[in-house]
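One structure is given below, encoded as C-alpha cells.
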Amino acid sequence: MGKYVRPSRLEEALSVLARPHVVLAGGTDFYPARVGRTIDEDILDISAIAALRGISTTAEGWRLGATATWSELIEADLPPLFDGLKQAAREVGGRQIQNAGTLAGNLCNASPAADGVPGLLSLDAEVEIASQAATRRLPLDRFITGVRRTDLGPGELVVALHVARPVRPARSAFLKLGARRYLVISIAMAAAVIEIAEGRVAAARLAVGACSAVAQRLPALEAALLGAPVDGHLADRVDRAHLAPLTPIDDIRGSAGYRGDSVLVLLRRLLAGLAP
Amino acid sequence: MKVAFTLNGTAASWSGPPVTRLAAALRDDLGFTGTKVGCDAGDCGACTVLLDGRQVCACLVAVGQVEGRTVETVEGLADTDGTLARLQDSFLAHGAAQCGICTPGMLMAAQELLRQVAQPDRTEIEDALGGVLCRCTGYTKIVDAVLSASVQAPVVVPAAGSAVGARLPRVDGHAKVTGRDVFGADGVPADALWIRVVRSPYARARFVLGDLAPLRGRLAAVLTASDVPFNGFGIYPDIKDQPVLADGIVRYRGEAVLALVGERAAVLSIRDDEVPIVWTAEPPVMGIDAATAADAPLVQADKPKNLLLDGGVRHGDAAAAFASCAAVAEGVFETAFVEHAYIEPEAGWARRVGDRIEIHVTTQTPYMDRDEIANVMQLRPEAVRIVPTACGGGFGGKLDLSVQPLVAIAAWLLKRPVACVYTRPESMAATTKRHPARVTAKFGCDAEGKLVACDVSATFDTGAYASWGPTVANRVPVHAMGPYAVPHVRTWGEAFFTNGPPAGAFRGFGVPQAAIAHEAMMDELADQLGIDRLEFRHRNALRAGDKTATGQVLAHSAGLAQCLDALRPHWDKARDEAAAFNEKGGPRRRGVGVGCMWYGIGNTSMSNPSRMRVGLSPAGTLTLYSGAVDIGQGSNTIMTQIAADALGLPAAQFTLVAGDTDLTADAGKTSTSRQTFVSGRAAEGAGRDLRQQILRLANSGPEAVLSLDGAKLTVRDGAAVRTIDLATTEALMGEGTFDPPTTPLDANGQGIPYATYAFAAQMAEVEVDTELGTVKVLRIVAAHDVGKAINPMLVEGQIEGGVAQGLGLALMEEFLPGRTENLHDYLIPTIGDVPPIECILIEDREPLGPSGAKGVGEPGLVPTAPAILGAVHHATGVRAHRVPLLPHRLREALIKLQEGALKGTAA
Numbered sequence: 011m012g013k014y015v016r017p018s019r020l021e022e023a024l025s026v027l028a029r030p031h032v033v034l035a036g037g038t039d040f041y042p043a044r045v046g047r048t049i050d051e052d053i054l055d056i057s058a059i060a061a062l063r064g065i066s067t068t069a070e071g072w073r074l075g076a077t078a079t080w081s082e083l084i085e086a087d088l089p090p091l092f093d094g095l096k097q098a099a100r101e102v103g104g105r106q107i108q109n110a111g112t113l114a115g116n117l118c119n120a121s122p123a124a125d126g127v128p129g130l131l132s133l134d135a136e137v138e139i140a141s142q143a144a145t146r147r148l149p150l151d152r153f154i155t156g157v158r159r160t161d162l163g164p165g166e167l168v169v170a171l172h173v174a175r176p177v178r179p180a181r182s183a184f185l186k187l188g189a190r191r192y193l194v195i196s197i198a199m200a201a202a203v204i205e206i207a208e209g210r211v212a213a214a215r216l217a218v219g220a221c222s223a224v225a226q227r228l229p230a231l232e233a234a235l236l237g238a239p240v241d242g243h244l245a246d247r248v249d250r251a252h253l254a255p256l257t258p259i260d261d262i263r264g265s266a267g268y269r270g271d272s273v274l275v276l277l278r279r280l281l282a283g284l285a286p
Numbered sequence: 006m007k008v009a010f011t012l013n014g015t016a017a018s019w020s021g022p023p024v025t026r027l028a029a030a031l032r033d034d035l036g037f038t039g040t041k042v043g044c045d046a047g048d049c050g051a052c053t054v055l056l057d058g059r060q061v062c063a064c065l066v067a068v069g070q071v072e073g074r075t076v077e078t079v080e081g082l083a084d085t086d087g088t089l090a091r092l093q094d095s096f097l098a099h100g101a102a103q104c105g106i107c108t109p110g111m112l113m114a115a116q117e118l119l120r121q122v123a124q125p126d127r128t129e130i131e132d133a134l135g136g137v138l139c140r141c142t143g144y145t146k147i148v149d150a151v152l153s154a155s156v157q158a159p160v161v162v163p164a165a166g167s168a169v170g171a172r173l174p175r176v177d178g179h180a181k182v183t184g185r186d187v188f189g190a191d192g193v194p195a196d197a198l199w200i201r202v203v204r205s206p207y208a209r210a211r212f213v214l215g216d217l218a219p220l221r222g223r224l225a226a227v228l229t230a231s232d233v234p235f236n237g238f239g240i241y242p243d244i245k246d247q248p249v250l251a252d253g254i255v256r257y258r259g260e261a262v263l264a265l266v267g268e269r270a271a272v273l274s275i276r277d278d279e280v281p282i283v284w285t286a287e288p289p290v291m292g293i294d295a296a297t298a299a300d301a302p303l304v305q306a307d308k309p310k311n312l313l314l315d316g317g318v319r320h321g322d323a324a325a326a327f328a329s330c331a332a333v334a335e336g337v338f339e340t341a342f343v344e345h346a347y348i349e350p351e352a353g354w355a356r357r358v359g360d361r362i363e364i365h366v367t368t369q370t371p372y373m374d375r376d377e378i379a380n381v382m383q384l385r386p387e388a389v390r391i392v393p394t395a396c397g398g399g400f401g402g403k404l405d406l407s408v409q410p411l412v413a414i415a416a417w418l419l420k421r422p423v424a425c426v427y428t429r430p431e432s433m434a435a436t437t438k439r440h441p442a443r444v445t446a447k448f449g450c451d452a453e454g455k456l457v458a459c460d461v462s463a464t465f466d467t468g469a470y471a472s473w474g475p476t477v478a479n480r481v482p483v484h485a486m487g488p489y490a491v492p493h494v495r496t497w498g499e500a501f502f503t504n505g506p507p508a509g510a511f512r513g514f515g516v517p518q519a520a521i522a523h524e525a526m527m528d529e530l531a532d533q534l535g536i537d538r539l540e541f542r543h544r545n546a547l548r549a550g551d552k553t554a555t556g557q558v559l560a561h562s563a564g565l566a567q568c569l570d571a572l573r574p575h576w577d578k579a580r581d582e583a584a585a586f587n588e589k590g591g592p593r594r595r596g597v598g599v600g601c602m603w604y605g606i607g608n609t610s611m612s613n614p615s616r617m618r619v620g621l622s623p624a625g626t627l628t629l630y631s632g633a634v635d636i637g638q639g640s641n642t643i644m645t646q647i648a649a650d651a652l653g654l655p656a657a658q659f660t661l662v663a664g665d666t667d668l669t670a671d672a673g674k675t676s677t678s679r680q681t682f683v684s685g686r687a688a689e690g691a692g693r694d695l696r697q698q699i700l701r702l703a704n705s706g707p708e709a710v711l712s713l714d715g716a717k718l719t720v721r722d723g724a725a726v727r728t729i730d731l732a733t734t735e736a737l738m739g740e741g742t743f744d745p746p747t748t749p750l751d752a753n754g755q756g757i758p759y760a761t762y763a764f765a766a767q768m769a770e771v772e773v774d775t776e777l778g779t780v781k782v783l784r785i786v787a788a789h790d791v792g793k794a795i796n797p798m799l800v801e802g803q804i805e806g807g808v809a810q811g812l813g814l815a816l817m818e819e820f821l822p823g824r825t826e827n828l829h830d831y832l833i834p835t836i837g838d839v840p841p842i843e844c845i846l847i848e849d850r851e852p853l854g855p856s857g858a859k860g861v862g863e864p865g866l867v868p869t870a871p872a873i874l875g876a877v878h879h880a881t882g883v884r885a886h887r888v889p890l891l892p893h894r895l896r897e898a899l900i901k902l903q904e905g906a907l908k909g910t911a912a
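Sequence lines, in order, name chains A and B.
Position one of the first sequence corresponds to residue 11 (the working numbering), numbered consecutively onward.
Position one of the second sequence corresponds to residue 6 (the working numbering), numbered consecutively onward.
Written as C-alpha cells, this is what we have:
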C-alpha cells in the first residue's frame, strides 16, 4: 500500500510532488485503470485544495481551476464563447462522470479521444503549471505532446486553465460522433469558435479530436473562413484539403476513411449551426 | 486513516486506506450492500450514490474524499419506519425493477433529478439516467416510473381467483427497490477467503507451471488442475470438455489456469507476472474460416475437423422446388460474438458443512449446477446444496459454471468459506458469448407470394469448448425457415471449435442470428413481387392447422397472423409518415421495417420436466416452493399468481421459497423461455393438488371458496361453511409436475421438437443519418402471441428488455477478445438509445399451458434486429449482411450503393 496525501494547500501539494506521486482528482480515469488490483502507488489527492477550485473571471478572461468539474462548467454563467465547451461537457460519460471528472484531468490523461480537448483548443486555452520552483503557462497545443503524454515535468502540477476574452463577439459549438447515446467514446468530434465583426468571420478557431494522436487545430480551414459572411454558406468553405493535419486510424470504432469523411460532415454542420 | 462523514443522515466513520473506492468501503466495511458494483470503472453506474446531493459513481470516489461530506445510498431512500419513497413505490408499480441490480443506481440518479425538477420530462430523465446501464428492462418502465414519481402509485392487490392476468407488482420487488436483495457478491461471510483466478493472456498456448511454493507460502492455497477431482465440465452428459483449471494447454484468452486462495487483500496484491507460468503461445484458430480450413490446427485434439456437430431438417424437395419459383432471394449474413453484459458479474461463495458442500451463487440453473459440481468434485448430488442468490441478470450466461467449482473445491479443501467475485474484464473475457454465425439463405415463392422452398445453412463459431453449442446447432435448423408455412425445406446447422471464447447460451440460442437471414429474404421476395412486406409475411404466416417443416401439425396457438393484423395500422401510418419525411430531402432518411419470429418453448426434443410444491403449514403459512430461478424475468411472481388462482387463495397470502436445492424440487433451468409454460403448469398442478386435499378434508365440492386467516382455513361451499383449524392437522403439501410432450427428431429432422411455439411480429421506425451512417431507432411496436399474459406488466418488461438487446445486436454489440473486455469499449444500449416501445399482447390460448400461457423470455429479442435492419433498407436501400451495423459499416455500404447506382446510370 502506498502513501496517500490530501493536502488543503497548494504549497503543500507541490512539496509532496518533490517525490513522484500519482495525482488524483475526480478519479474518473484513475480508478478505471486499476480494476481488480491493489492500488499501491503513492497518491497525491488534490481535491481538497481550495486554490484549485472553481471557475472565475479574471482581468484577461476566465480561469478554470484544475479541479473544476464538467458539471461546474455546465452550470457556470459564461458567455456564448463557452457554448461549445459546455456541449462537450454534456457529452462526457454520464451525469456521474460530469459531476466528478475535471477538465484539467481530461487534459492530463491525454487520450486522443478526450472530449474536452477540441473545445479548449478552439478557445486557445492556456495551461497554468506550478512546481515548487516556478509557475509557467503553456498553450494547450504544446501541453499535450502525444498519446497519454504531456509536457508536465517532475514535480509539476496543473493548477488552472485560462481562456482569454476575445475582443469581438464570439460564438462556439461542438459536435461529437459516437456509436451510442451517453457513455460513449468519440469516433470523431469537432469544435469551433468564431469571432464576428460586421457580420463576417473576424477570427476562427476549429479543432478536431479522435482523428489524430492529439486533437488538432485546422489552420487552413480557419484561414479559409476569415472574412466570410456568417450565413448559411459558411459550411461551403470546408474542403477536404483542410484536414491535412489529421491522421485518423482504423480501430474498433471506425475506419480511417470513415473518420475523415465524418469530420467533414461534422465541420460543415458545426459551421452551418453557427450561422444565425 | 479514519474518515468521518454523514451517511444517509447519520454520522458514519470508516478506517482504512483512504484511496479505497467508496463503493468498497460502503459494501465491504459498512455493510451497505445496496450499492452495487458492476464494473469498478464508471461504465455502468450501478454504484451510483449521491455525494453532497450530486450523483457520482461510488467506484470512482476515494473514500478519503468524502471526509466531512454527505453520502446518500439506496438504503436511505425509504423513511426510517420502512415506508417506501414515492419513487420506490413507482418503480414497483411500473415494473421498473427486473433483476434489480441496476435499480439502486437508477433510483439514486433519479433522486438527484427529482430534487432539481419535480416533474421532469423524458429528455431530462434520459440525461439524468444516461449514466446507468440496465440490461433487463429496455428502460421503458424506468422512464415511466420516474415520469410518474410525483403521484402516488396505485396498489394492485388481486382478490382470490383473479391473480392471473393482473399487473401484480413483483412479489420480490420490495427488496430490489430498497437495496436489500442479496446478490452473488452481497452475502459473503466476513471470514471468507477469496479467490483470484489467474487466466490465460493467450488464445492458444501451452504452459508449464514453475515453483508455486513461494506463492503458496503467502496464501492459503494455490489451486491447479491437479486439485480438481474430475477436471471437465460441460452442459451435455457426454461432453465434459472444459477444464475447471487448464492442464498444460489453454484454448482461449481468459481461460482459468490457477486459483489463488487467501485473504482478499493478499490475493488481489499478487500480480500475474509474479505467478511462475512459462507460456508457449501458438497461432490461434480464430473464426469459422480458420477453423474449417483444410490444414486447420485442431482446437481439441479429439475433435476432427474442429467439428462439434451438425444436422438439419429435410422436408419435401427444396432443390427441385426452386425451379418452379416465380421469385428467388439469396443472401449470406454474418453476426459477431455478443456478450451478455448482465450488470452483475459472476459471484458466489461456498462453505463445507460436514460432508456436504453448500454454494451460494448467482445462477440460472441450481439443479444443473448441483449435478455438475457433484461430478467435478466426485460427490453424490445429494452432497451438494446450491442456494441461488438473487441473480443480477443472466440471459443464458449464467447457465454455465463460473465461480462454482472453484469456490467449492477451495472451501472443501480448506474447510473455510471461500468467495469469488469476477471483475468486469474477467467476466467478459472468461464467460460464454452468443455464437457468431454465418447464415446462408435461399428462399423462393410463387407469383402470388406464397413461399415454396427454402434452403438455409447456419455455421456457428462455438469457441473453445462445447458449452451449449449443440443446443444452438440443433435449434436453429428447426427455426431457420422462419414462422412460415414452407412446403419444401432444407436447413442445416453446424458448429466448429475455434480459439474464441466458448459460445454458449444467449437469449434465443442461435435463432436471432437465423432470423436476420430469413427476414431479409422475406423483404426481398416481397419487394421483387411488389407485395407489401407485412402483407407478404401475413400470407405465409404459420397458422393453427399448418404443418411445420419437422412434420408437426400446429393444433393451437399460432398467432402470428393476429400479430401482423395488430401491427398493420401502425405499419401503414408509419410508412406514410416516413415517406412524407423523406420527401423533404436532406441527409436524414426514415424507414420502417417488420420482423417476425417463432420460438419453440423448452428443450428441443428432450425431456425438461418441472416439479413445484405448495405447502400449507399448521401455523397457516402458505408457501410456494419453487425450484425455478427468477433472474429478473419475474417467475417468482408468475408462479405465485398461477398457484394462487389454482388453489383459490389471494396471491398476497403466499410466501416464497425459491431455488434452494435442499428446500425445493427440480424445476429445471431458467432458459428456453420455459418457466411460465413448464414450471407454471407445474405450479398450477401444485395449487390444484393442494386445493383437492383441502376440499377432501372439508368434504366440499369443486366450486367451494377458500379463505385463510392465520391457522383458520374456511371453506364455503354454497351455504355450507366449514372451518379447518390447521393447527390440528398435518402440514399439507400439494405437488404438480409437467414435462412438455415432444418426440425425438429423426435423421431428416422430422418429429415434434416442441410442445408449443411463441410467435411475434415487431415493427421498427428508424432515422438514418446517411452522411454519418448512424441509425436512430425512433419507435418499436411489438406484437407478441403469448398465449395468455399471466402478468401483462411483466410480459411487457420481457418484450421491452428483449427489444433493447435486439437493438444492440443490430447496431452496436461486438465482442472482440482482448479488445472489448469492458463496458466502455463493448457498447450496450443506454437509456438514450432505446426508443419508446409499444407492446401489443395477442392471447391465442395454448391448451397445454397454465391458463393458456406460453413463454416470452427470448421472443422479445428475436424480431427486433430484423425489423431494424429492414427499416434501414427501407430508408436507404442498404441491406446489412454483417451485424452490428456500426456507423462506419453503414456509411461504407451507402457509398458502395451510390457508386453502384452511378455505374448503373453510366451503363
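A virtual CB, placed ideally from N, CA and C, is assigned to each residue, including glycine.
Here the structure is a predicted model, which is why all the values come from computation and not from measurement.
Span of the alpha helix (DSSP H) around residue i
i, result
"D149/B", "T145 to L152"
"L384/B", "Unbroken run through L384/B: none, as it is neither H nor E."
"D650/B", "S640 to L652"
"G129/A", "G126 to S132"
"V483/B", "G474 to H484"
Endpoints, beta strand (DSSP E) assigned at residue i
i, result
"W199/B", "L198 to R204"
"L265/B", "A261 to G267"
As assigned by DSSP and simplified to three states, the class of residue i
i, result
"D532/B", "helix"
"T733/B", "helix"
Other residues of its chain near residue i: CB distance less than 6 angstroms, five sequence neighbours each side excluded
i, result
"Q651/B", "Just to set this straight, residue 651/B is Ala in the shown sequence, not Gln. Taken in chain order, the residues that qualify are E689, G692 and R693."
"L621/B", "L627 and L737"
"G632/B", "T669, A670, D671 and A672"
Cβ-based burial, residue i [other Cβ within 10 Å; buried from 16]
i, result
"R894/B", "buried"
"T38/A", "buried"
"N311/B", "buried"
"L54/A", "buried"
"L303/B", "exposed"
"M617/B", "buried"
Euclidean distance between Cα positions of residue i and residue j
i, j, result
"S121/A", "G110/B", "28 angstroms"
"A912/B", "P822/B", "With a pLDDT of only 44 at A912/B, under 50, the local geometry of the prediction cannot be trusted, and no value is derived from it."
"G10/A", "F184/A", "Because residue 10/A is not part of the residues shown, which for chain A are 11 to 286, the question remains open."
"V102/A", "F400/B", "30 angstroms"
7 angstroms CB neighbourhood of residue i in its chain, flanking five on each side removed
i, result
"R573/B", "L539"
"V187/B", "T394 and A395"
Contacting residues, own chain, Cβ-Cβ under 8 angstroms from residue i (five flanking each side not counted)
i, result
"R127/B", "V148 and L152"
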